[in-house]
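Here is the structure we will look at.
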């Protein structure tokens, strides 16, 4: 529901998700507001590469497919894949099981889950102040939208949020998950998940002799 409301407020077309139409078009459809009458929300047909199925490998054509690129949101696939040849990728030699993939993408499961949610809602731009989340009482996180040079502003927002919750940062414990590939995404559209480890503020007690 949050995504629907945010998209309505944006009042713009989002590929495979929303479309702004005139009343005349709605009238022509007998005022039926089923989204599929106005926007094609269905994914394209799935591709099958018989050679990849039989011999292994990930087709370059599949990775470079427009729909897949929309889902990846500029993610640099070289963090897990290497080129076998001009037509196929394969997993890095260090990756021997699917359980290891997460280690090459991000070291924290909660970051992975948040990144997945963000990617599923591709096209929806979120402003940092709206995405303050506390996980397990230990981490505060924000989605930073913009150039890396301004990450400090997002950390300042996290510090203020921590202060309001009577929390303090744990020295040296912060993380950044880069969700966009700067080679393909404009600086103002770069998405970075910023996380700050926090703890309850400590109280200093004065000891008085009896």
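Residue numbers (my numbering): 1172 to 1381. Ideal Cβ positions, reconstructed from N, Cα and C, are used throughout, including at glycine.
1. Looking at residue 1362: is its Cβ nearer than 8 Å to the Cβ of residue 1314?
2. Quick test of your reading: residue 1202 and residue 1228, contact by CB under 8 Å. State the CB separation rounded to the nearest angstrom.
3. Where does residue 1363 sit, in a helix, a strand or coil, going by DSSP?
4. Let's see if you can read the secondary structure: which residues bound the beta strand (DSSP E) around residue 1261?
5. Compare the C-alpha of residue 1370 against each of 1262, 1253 and 1332 and name the closest.
6. Starting from the Cα of residue 1251, find the closest Cα among 1258, 1257, 1263 and 1195 and give me that residue.
7. How far does the beta strand (DSSP E) with residue 1326 in it reach, from first residue to last?
8. Tell me, to the nearest whole angstrom, how far the beta carbon of residue 1329 is from that of residue 1311; I am working on the premise that it is less than 8 Å.
9. Apart from the five residues just before and just after residue 1303, which ones in its own chain have a Cβ nearer than 8 Å to its Cβ?
10. Please look up how many angstroms separate the CB atoms of residue 1220 and residue 1241, rounded, as I've assumed it's under 8 Å.
11. For residue 1204, which residues in the same chain have their Cβ closer than 8 Å to its Cβ, ignoring the five residues on either side in sequence?
12. Among residues of its own chain, excluding the 5 on either side of residue 1358, which ones have a beta-carbon nearer than 6 Å to its beta-carbon?
13. Name the DSSP bridge partner or partners of residue 1392?
14. Where residue 1365 and residue 1350 are concerned, what is the direct C-alpha to C-alpha distance, given to the nearest angstrom?
15. Helix, strand or coil for residue 1222? Go by DSSP, reduced to three states.
16. Give the secondary structure of residue 1192 by DSSP, where H, G and I count as helix, E and B as strand, and everything else as coil.
17. Going by alpha carbons, who is nearest to residue 1208 out of 1199, 1368 and 1338?
18. With DSSP collapsed to three states, give me the class of residue 1319.
19. Just tell me which of 1367, 1355 and 1368 has its CA closest to the CA of residue 1235.
20. By the 10 Å Cβ neighbour count, where 16 or more other Cβ atoms means buried, how is residue 1246 classified, buried or exposed?
21. Just confirm the distance between the C-beta atoms of residue 1188 and residue 1210, as a whole number of angstroms; I'd bet it's less than 8 Å.
Reading it off the structure:
1. Counting from 1 along the chain shown, the entry for residue 1362 is found at position 191. Counting from 1 along the chain shown, the entry for residue 1314 is found at position 143. In this structure, residue 1314 lies closer than 8 Å to residue 1362 by Cβ.
2. Translated into positions along the chain shown, residue 1202 becomes position 31. Translated into positions along the chain shown, residue 1228 becomes position 57. Going by Cβ atoms, the distance from residue 1202 to residue 1228 rounds to 50 Å, so no, they are not a contact pair.
3. Residue 1363 sits at position 192 when you count from the first residue of the chain shown. Strand at residue 1363.
4. As a position in the chain shown, residue 1261 is number 90, starting the count at 1. Run containing residue 1261: 1259-1262, per the beta strand (DSSP E) assignment.
5. Your numbering for residue 1370 matches position 199 in the chain shown. Out of 1262, 1253 and 1332, 1332 has the C-alpha closest to the C-alpha of residue 1370.
6. Position 80 of the chain shown, counting from 1, holds the residue named residue 1251. Nearest in C-alpha terms to residue 1251, of all of 1258, 1257, 1263 and 1195, is 1263.
7. Along the chain shown, read from residue 1 onward, the residue named residue 1326 stands at position 155. Careful: residue 1326 lies outside any beta strand (DSSP E), inside the alpha helix (DSSP H) at 1322-1335.
8. By 1-based counting over the chain shown, the position of residue 1329 is 158. By 1-based counting over the chain shown, the position of residue 1311 is 140. Confirmed, Cβ separation roughly 5 Å.
9. For the purposes of this step, residue 1303 is taken as residue 132 along the chain shown, with counting starting at 1. Bear in mind that the predicted position of residue 1303 carries a pLDDT of just 44, short of 50, making it unreliable; the figure below should be weighed with that in mind. Result list for residue 1303: 1311, 1312, 1313, 1328, 1329 and 1332, in chain order.
10. The sequence position of residue 1220 within the chain shown is 49, counting from 1. The sequence position of residue 1241 within the chain shown is 70, counting from 1. Not confirmed; about 20 Å, so no contact.
11. Along the chain shown, one-based indexing puts residue 1204 at 33. Around residue 1204: 1197.
12. Along the chain shown, one-based indexing puts residue 1358 at 187. These residues qualify, in order along the chain: 1318.
13. The shown model of the chain, from 1172 to 1381, leaves out residue 1392, and the question about it has no answer.
14. For the purposes of this step, residue 1365 is taken as the residue at position 194 of the chain shown. For the purposes of this step, residue 1350 is taken as the residue at position 179 of the chain shown. Rounded to whole angstroms, residue 1365 to residue 1350 spans 11 Å at the Cα level.
15. Working through the chain shown from its first residue, we reach residue 1222 at position 51. If DSSP states are grouped into helix, strand and coil, residue 1222 belongs with the helices.
16. As a position in the chain shown, residue 1192 is number 21, starting the count at 1. Of the three classes helix, strand and coil, the one that applies to residue 1192 here is coil, per DSSP.
17. The count along the chain shown starts at 1 and reaches residue 1208 at position 37. Looking from the CA of residue 1208, the closest CA among 1199, 1368 and 1338 belongs to 1199.
18. Mapped onto the chain shown, residue 1319 falls at position 148. Helix.
19. As a working mapping, residue 1235 is identified with position 64 in the chain shown. That would be 1355, whose Cα lies nearest to the Cα of residue 1235.
20. Against the chain shown, residue 1246 aligns to sequence position 75. Flag for residue 1246 reads buried.
21. Walking along the chain shown from the start, residue 1188 turns up at place 17. Walking along the chain shown from the start, residue 1210 turns up at place 39. With a Cβ gap of about 7 Å, residue 1188 and residue 1210 count as contacting.
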